[in-house]
Amino acid sequence: MTVWLCLTKQWLQSQDNQGIRQKQKVFKRAESPRMDILLAAVLGELTTRSINFFIGKSFKPTALDVEDRLCRILLRAQVIVDEAMGRQITSQAMLQQLDMLREAMYQGYYILDTFRYQYRNKEEARGQVLSHSFFVSKVNTLQGLCSSSRKKEIFEQMQKSLDHLSSMILDVQELVIFMMSYPCIYHQPYSMHLLLGNCMFGRQMETEVVVNFLLHTRPHASEKLEVLPIVGPYKVGKSTLVAHVCKDERVRNHFSQILFLRDHDFAGYDLAKFREGYEMEHRSLVSNSNKDGRLLIVLELVDDLNEDAWSRLYSASIHHLSSGSKIIVTSQSDKIMKFGTTQALRMKFLSHEAYWYFFKTLAFGSMDPKMHPRLAHLAMEIAKMLNPCFIGAKMTACLLRDNFDIHLWYKVLGFLRVQMKTNLLKFGGRPFDLVNQKRPAYIGRMATPSEDAVLYDEHQCSSQEEIPKISVQDVVYGSVKAHGKFKVLGWRSQILPYHNYIFTCEIRELKTRAPKRKRSMKH
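Going by the numbering used here, the sequence shown opens with residue 531, and the numbers climb by one from there.
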């Protein structure tokens, strides 16, 4: 009996142990798939990273590979930017994002063109000879680019621009979808140079900021008159921006009248007289369907405006203008920013990369710069001499586009270098800066090197006024017969506000030294 009980107990214990082992096996079988999946994921990630590491170490993309990829990503950015230019986008966040993409695109094109037309063609350009009466030397504008350090620098800039643009393209995917919901502004012409020659370049964000200010009233601003200050250096495009905004159909339908005033108009000005009638040349008549009588006043200041004069204008405006009227003040001085009821709009000149894109498009027109790499290289050097002058860019680009002759382009580059050097030595500044400061500027005469030409004071006149028949382009690049002081046409703007820029020019004969006669030798 005792033996039987012992055997029974041992058998039960063996059955319990067997059940426990079976449960452990079941649990392990259930847990095994999870561990396998986790282990496979870890091993896969380690394998991928290892492969990428070894590929990165063993395979480095060549400059031509990066050039091809950068060219393709720039094309994608170009499509987005061009589409945005034709849309009435009102979202400020979208406009800021598009402005960042546009600037990155300009930088990408600039470094790509630097690689294509300066570094890759350095050997061909080095041997060219530039012949000019002022300047005879070997053209070696790529001095320093030939070094290995410069080659590495250009390659790194291309790679950096490629990575930056690729990241930005991914960021604007949703923006592209939302952008299609905004109405179209215009249909682009066949050639981009026609568009840039007849519209405002690179100011879409600033335009929509001003339009948004004019069409919308802030919640707590109903009791007072809203003022937007626009600040920027001379010739940056403040008047052009405001003129384009006032031409916008949305703005013209929103205001009953638009009044343009300058410093001399403002002196002793009585706003109450406007209701009785003001000079037509200062008034822009708009849609009469607006019965609210809202008025837009555009005050363009050349000099500073003291606080007493501003207080009189602002106080009179509050009493005599209807609710919803607005004031825009433009000036070179930052002091007007304190008159604003909203954040001032500060305008700057184009970046060097954006200016090159603008000049290249105008100079080559419908021609592809890749088909003329030597001319493209010269155009980059010419743009450096002209930046940031819009008038100089348009005048010189027109000459180059009409004459696809490499000898002429070399001659223009040499002439502009001498012009720059002469102004720095004689007048202590660049031609564009001297003109803006109302100081004399040497312009020279490329076709008649025996004569000297200097520009003096400049003023603007409307498109209705009579203009001189001789232009600055005729004096600089032509063979016009004139001497002494006379008026010349600097530029006739094809965009709003259609100003004509008039200069006083003086042409003088250069003094030539008489050759020394040899003394006769006696014995």
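Note that beta-carbon positions come from the ideal geometry of N, C-alpha and C, so glycine has one too.
Contact between the region 891-899 and the region 856-866 is defined here as three or more beta-carbon pairs at a separation below 8 Å; is this criterion met?
no
* **Touch test, the region 1021-1033 against the region 993-1013, Cβ-Cβ under 8 Å, three pairs minimum** => yes
Exercise. How would you call K1041, buried or exposed, if buried means at least 16 neighbouring beta carbons within 10 angstroms?
Worked result: In the sequence shown, counting from the first residue as 1, residue 1041 sits at position 511. With fewer than 16 Cβ atoms within 10 Å of its Cβ, K1041 is classed as exposed.
F894 by DSSP, collapsed to three states: which one?
Mapped onto the sequence shown, residue 894 falls at position 364. Looking at F894 - three-state DSSP - the assignment turns out to be helix.
### Beta-carbon contacts of G922 that lie in its chain and below 6 Å, excluding the five residues immediately before and after
As a first step, residue 922 is located in the sequence shown; it is residue number 392 there, counting from the start. So the qualifying residues of the chain are L916.
Exercise for review: Note down the Cα distance separating E1036 from I603, rounded to an integer number of angstroms.
Suggested key: Your numbering for residue 1036 matches position 506 in the sequence shown. Your numbering for residue 603 matches position 73 in the sequence shown. If I take the Cα positions, the gap works out to 50 Å.
inquiry  = Residues in the same chain with beta-carbon distance under 8 Å from P918, minus the five sequence neighbours each way, listed in chain order, please.
reply    = To locate residue 918, count along the sequence shown from 1; it is residue 388. F879, L880, Y885, F962, listed in sequence order.
- Taking the alpha-carbon positions, what's the A971 to K754 distance? Looking up residue 971 in the sequence shown gives position 441. Looking up residue 754 in the sequence shown gives position 224. In a straight line, the C-alpha of A971 is about 46 Å away from that of K754.
I need the straight-line Cα distance from E609 to M615, nearest angstrom please. Taking the sequence shown and counting its residues from 1, the one referred to as residue 609 is at position 79. Taking the sequence shown and counting its residues from 1, the one referred to as residue 615 is at position 85. Inspection of the sequence shows that residue 609 is occupied by Val rather than by Glu. Their Cα atoms are separated by approximately 10 Å.
| message | Y887 and Y639 - do their beta-carbons sit closer together than 9 Å? | response | The residue labelled residue 639 in the question sits at position 109 within the sequence shown. The residue labelled residue 887 in the question sits at position 357 within the sequence shown. It is a contact, given that the beta carbons lie within the stated cut-off.
With DSSP as the reference, identify every bridge partner of C991, one or two as the case may be. Here residue 991 corresponds to residue number 461 of the sequence shown, with the count starting at 1. In the DSSP output, where bridge partners are listed per residue, C991 has N1030.
- Task: Tell me whether C714 sits in a helix, a strand or coil according to DSSP, three-state version.
- Result: Counted from its first residue, the sequence shown places residue 714 at position 184. Strand, per DSSP.
Touching or not, the region 984-991 and the region 896-915, by the rule of three or more beta carbon pairs under 8 Å? no
Within its chain, find whatever has a CB closer than 8 Å to the CB of H1029; leave out the 5 residues flanking it on each side and keep chain order. Within the sequence shown, residue 1029 is the residue found at index 499, counting from 1. S769, Q990, C991, S992, S993, S1023.
According to DSSP, residues forming a beta bridge with W1021 = Taking the first residue of the sequence shown as position 1, residue 1021 is located at position 491. Answer is Y1031, bridged to W1021.
* Less than 9 Å separating the beta-carbons of S679 and A634? -> For the purposes of this step, residue 679 is taken as residue 149 along the sequence shown, with counting starting at 1. For the purposes of this step, residue 634 is taken as residue 104 along the sequence shown, with counting starting at 1. Result no, Cβ atoms of S679 and A634 do not sit closer than 9 Å.
Inset, instruction - Give every residue of the same chain whose Cβ lies closer than 8 Å to the Cβ of M630, excluding the five residues on either side of it in the sequence, and list them in chain order. - result: In the sequence shown, the residue the question calls residue 630 occupies position 100. Excluding residues within five positions, the ones whose Cβ falls inside 8 Å are M698.
Discussion item. For a test of the three-state rule: what should DSSP assign to S1016, helix, strand or coil?
Written reply: One-based indexing of the sequence shown puts residue 1016 at position 486. Here the sequence assigns Phe to residue 1016, which means Ser is not the residue at that position. Note: F1016 maps to strand in three-state DSSP.
Review point. What did DSSP end up calling A874 once you bin it into helix, strand or coil?
Key: Residue mapping note: residue 874 aligns to position 344 of the sequence shown, counting from 1. The answer is coil: DSSP assigns A874 none of H, G, I, E or B.
CB-CB length for L825 against S786, believed under 8 Å: Translated into positions along the sequence shown, residue 825 becomes position 295. Translated into positions along the sequence shown, residue 786 becomes position 256. Indeed they touch by this definition, with Cβ atoms about 6 Å apart.
| Straight-line Cα distance separating W939 from K900 | The residue you call residue 900 lines up with position 370 of the sequence shown. The residue you call residue 939 lines up with position 409 of the sequence shown. Taking the straight line joining both Cα atoms gives about 16 Å.
Discussion item. What would DSSP say about D982, mapped onto helix, strand or coil?
Written reply: For this step, residue 982 is matched to residue 452 along the sequence shown. Three-state result, D982: strand.
* In three-state terms, what does DSSP make of I699? -> Counted from its first residue, the sequence shown places residue 699 at position 169. I699: helix per DSSP, three-state reduction.
If I measure Cβ to Cβ from K882 and keep anything under 7 Å in the same chain, skipping five residues before and after, which residues do I get? In the sequence shown, counting from the first residue as 1, residue 882 sits at position 352. According to the sequence provided, residue 882 is His. The question's Lys does not apply to it. Answer for H882: N917, listed in chain order.
Cα-Cα separation, L695 to H937
Within the sequence shown, the letter at position 165 stands for residue 695. Within the sequence shown, the letter at position 407 stands for residue 937. Between L695 and H937, the C-alpha separation is close to 37 Å.
> By Cβ distance, which residues of its chain are closer than 6 Å to Y986, with the 5 residues on each side in sequence left out?
Replying inline: Here residue 986 is taken as the residue at index 456 of the sequence shown, counted from 1. Answer for Y986: P970, T1034, listed in chain order.
Count the other CB atoms within 10 Å of the CB of I760; is the residue buried (16 or more) or exposed (fewer)?
On the sequence shown, residue 760 is found 230 positions in, with the first residue counted as 1. By the neighbour-count rule (16 or more Cβ atoms within 10 Å), I760 is buried.
Please classify H774 as buried or exposed, where buried requires at least 16 neighbouring CB atoms within 10 angstroms. As a first step, residue 774 is located in the sequence shown; it is residue number 244 there, counting from the start. Flag for H774 reads buried.
*Between E946 and I973, which are expected to be in contact by the criterion C-beta below 8 Å, what is the C-beta distance as a whole number of angstroms?*
As a working mapping, residue 946 is identified with position 416 in the sequence shown. As a working mapping, residue 973 is identified with position 443 in the sequence shown. According to the sequence shown, residue 946 is Leu rather than Glu. About 10 Å; that fails the 8 Å criterion.
query: Are the Cβ atoms of E1039 and T872 separated by less than 9 Å?
result: One-based indexing of the sequence shown puts residue 1039 at position 509. One-based indexing of the sequence shown puts residue 872 at position 342. Their beta carbons are not under 9 Å apart, which means E1039 does not touch T872 by this criterion.
Contact check, A977 vs G1008 under 8 Å by CB: the rounded distance?
Stepping through the sequence shown from its first residue, residue 977 is reached at position 447. Stepping through the sequence shown from its first residue, residue 1008 is reached at position 478. Confirmed, about 6 Å.
*asked:* If you reduce the DSSP assignment to three classes, tell me which class Y885 lands in.
replied: Against the sequence shown, residue 885 aligns to sequence position 355. Helix at Y885.
I'd like to confirm the pairing. Which residues does DSSP put opposite Y972 in its beta bridges?
In the sequence shown, counting from the first residue as 1, residue 972 sits at position 442. For Y972, which the question treats as bridged, DSSP gives the partners V984.
**Message:** What would DSSP say about F645, mapped onto helix, strand or coil?
**Reply:** Locating residue 645 in the sequence shown gives position 115, counting from the first residue. The answer is helix: DSSP assigns F645 an H, G or I state.
Indicate whether I827 and S855 have their beta-carbon atoms separated by less than 9 Å. In the sequence shown, counting from the first residue as 1, residue 827 sits at position 297. In the sequence shown, counting from the first residue as 1, residue 855 sits at position 325. Cβ atoms of I827 and S855: closer than 9 Å.
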